[in-house]
Every structure is written in C-alpha cells, then in structure tokens.
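First comes the structure, then the notes that go with it.
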Amino acid sequence: MTTASQNAVILGAAAVIVTYVIIRWKQKKTKTITWRPAGEISELHIYPLKSGRGVPLLEAECTDIGLKSTPAAPTELQNLKDRRLIVYNADTCKFVTCRNYPSLLLIKVTNGGDGVILLDAPNVPQFKLKLPDPISTPFTNLSMLFEEKVEAMDCGDDAANWIRLFLSKEESSLRIGYYKSQELNGIKNINIPSMDKFKKCYRRMKSEYTGPFKDLASFMILSESSLNDLKDKLPYHLKSITVKQFRPNIVIKGSKPYEEDNWEWIKIGDNVVLQGFKPCTSFQEDFQQIQEAKSKELESEPPVMGLYVGLDTAGIIKIGDPVYVSE
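Count along the sequence shown from 1, add 26, and you get the number used in this note's numbering.
Written out as structure tokens, the structure is:
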C-alpha cells in the first residue's frame, strides 16, 4: 500500500471515529433529559423568500439552518428551503423585508425543476429564476438585522429587474440574493458588539443556531393555545390575526398558553431535538397592544410570541408528530 493510500485509510478511519463519538455524545446527552409530553405538531411552514409568502408543508427536514421540503412533497414544493432567497439593496448591501416593502408578502415561490425557482406575484409575469452557480457567481456580503455579515450570491440582472418592476422601484438598486448550503459562509458570527446584549441575556444562544437569512434563529415555534389566548384579549380589530402574522416554522397544539416561552429542550417524534434560546419579539412594532394583552409579561419587557430555537439533532418531522419538552 502506498503512503498516499495509507494516509487516506487513516483519515477515513479518523473521520468515522469522530462521527461515532459525536453521535454517541448526542445520544448520551439526550438520554439524560427527562421528557414530558407537550403536544403535537399541527402546522409546518417555510418561507423560501425572506418576507415572501409562506409555504405550508405536511412534513419537512430539520437542517442546521432551517426547514426544507422533502421528496414526499408535491413536485412544485420540492427542493424548497426556508429563507434562502433575499431581497437586498446593492448600494448599501443591506437586506430589505416586508417592513420596508409590504408587497413582498405577496410573492409566491415554487419549484420549477432543474435548478429553477418560479416567482409569482400580482400584476407581473411569472419569473423563472435559474439559481446561480457558486463557482461563477460573485458573492455579496450582506449586512443583516444586527449588522452581522452573511454572504449571498446575486441572482442576476433579470431577477433584479423583476423585483423592481413588482415593487414599482425600477430606478432603485434592489436585487435578489441566494444562499446555497455548504457553498457560502452562512453561519452568522454572534461574537460582535451588536449581539452582546443578546448573549448576556440568552446564554444558550449560539452562532450555529442563527441561520443565514433569519433575523435571529433557524427555527421559530409557536403554539395554537398562545395565539388563541392572545386573540381573546386583543381588541376587536386585531382578533382576525392568524399564525401567518407571526411567521412560525413549527406550530404546536395541545400545550398551555405561552408555555413555549420557557422551553429549553424540545424533542419532536423519536429523533429531532431542538434547543430553545430566546422568546421571539420580531413582531412588536406591528402588534404593540400584545404587551398589554399578555398579562403574564412584566411591564418593562417587550411583547413576545413564540420561541426561537436551534437544531441539536437533525431529522424529518411531520404534522401529527408528538412533541416533548425537558422537565
């Protein structure tokens, strides 16, 4: 056996050993947790375009950077991943959302096959977006919500013209960016000054939990009971709100109202394990009266609805799966 072959065998064996140790460590850690039933999954949602229309799924794969559809999904929903497309300003390299352009919520994303994504929106032709090639496409370093940097691949001039046409911003510098797993540095670095306030308060928060184009987490969990209790307390003109306003990935039924705010470890089905690290406050500008409606909140605290979680153990989840939480 040549030296090169011997080195390859040694490296291969080392990789197997490391993988085995990691798996055993996670299994051991999981076994030390005492689980109690907390409900079951009632809805699953992904948002392929950040601030675009949500896509309901019957099952989804949990990855390090968020949910993605499975081969069991209808053809038009296959190969879709949560928040992998983003609209940004090329002059400032800052992302934009429905906070800036509410019409983004109307954009529907489906799978066109062969590396093509279909973008549909009112009053403009459907756009067939050929996903960019990471080898030949330049990267753009985007500034996200808390000034953390994430790289994106630009989707080209035709895509830029389409989004400008739809938003009636033909003279703007708006463009569409795309994140492709394993090709870019999609993990945010939370070790920056603007994130210090979060790290001090939420000690379970990790860079690997934050995802590329998410505000703060790869996943957001919301319970039906929390929403129903909130609606009972809101003024009449806000009682029509649905889970769509909060844009969760995983909706759970059967738990107590607002119980999810304090969950640490969450197990779904037999395999998937998530870790909660921060209540979600991303909607507070739109629902200021939630603070008064949720009597459990301290007067000085921002209104919260849902829980930000990161992935510990990957796998596939589906509607009806039981949900367990740590004691």
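Beta carbons: idealized from backbone N, C-alpha and C, even for Gly.
Option nearest residue i by Cα separation, candidates the options
i, options, result
"L75", "L300, E196, T166 and L155", "L155"
"S25", "N126, L83, F224 and I59", "With the chain represented from 27 up to 353, any question about residue 25 goes unanswered, as that position is not in the structure."
"G341", "E234, A86, R79 and V142", "A86"
"I276", "G336, N149 and L193", "G336"
"C306", "P283, N187, R273 and D338", "R273"
"G346", "D296, Y334 and Y127", "D296"
"T89", "P348, V330, M331 and V299", "V299"
"S95", "E234, V150, N217 and I72", "I72"
"L333", "I247, Y114, D140 and L242", "I247"
"R62", "M331, F303, I112 and S281", "S281"
"D241", "K206, Y262 and S77", "S77"
"L253", "S244, H263 and V269", "V269"
"Q152", "I161, D140, N217 and T136", "T136"
"D180", "K257, L111 and K265", "L111"
Rounded separation between residue i and residue j - CA only
i, j, result
"V351", "K344", "17 Å"
"V225", "S251", "Correcting the residue identity first, residue 225 is Lys in this sequence and not Val. Cα to Cα, the separation comes out at about 29 Å."
"L132", "N105", "20 Å"
"R79", "W291", "29 Å"
"F239", "Y204", "9 Å"
"D146", "D255", "35 Å"
"Y228", "R109", "24 Å"
"K23", "P283", "This structure does not reach residue 23, given that the chain is present from 27 up to 353, and the question cannot be answered."
"Q271", "P128", "12 Å"
"V349", "E177", "34 Å"
"P97", "L103", "9 Å"
"K223", "K175", "18 Å"
"P261", "T166", "44 Å"
"L264", "S220", "33 Å"
Exposed unless 16 or more other CB atoms sit within 10 angstroms - verdict on residue i
i, result
"A4", "Nothing about residue 4 can be reported from this structure: the residues present for the chain run from 27 to 353 only."
"E196", "exposed"
"E353", "exposed"
"V330", "buried"
"V142", "exposed"
Own chain residues within Cβ distance below 7 Å of residue i, not counting five before or after
i, result
"Q301", "R230, E290, W291, V335, G336 and D338"
"K232", "G336"
"A116", "S199 and R201"
inquiry  = Would you call the segment 164 to 174 in contact with the segment 114 to 125, where contact means no fewer than 3 C-beta pairs closer than 8 Å?
reply    = By the Cβ rule, the segment 164 to 174 counts as touching the segment 114 to 125, because three or more pairs are nearer than 8 Å.
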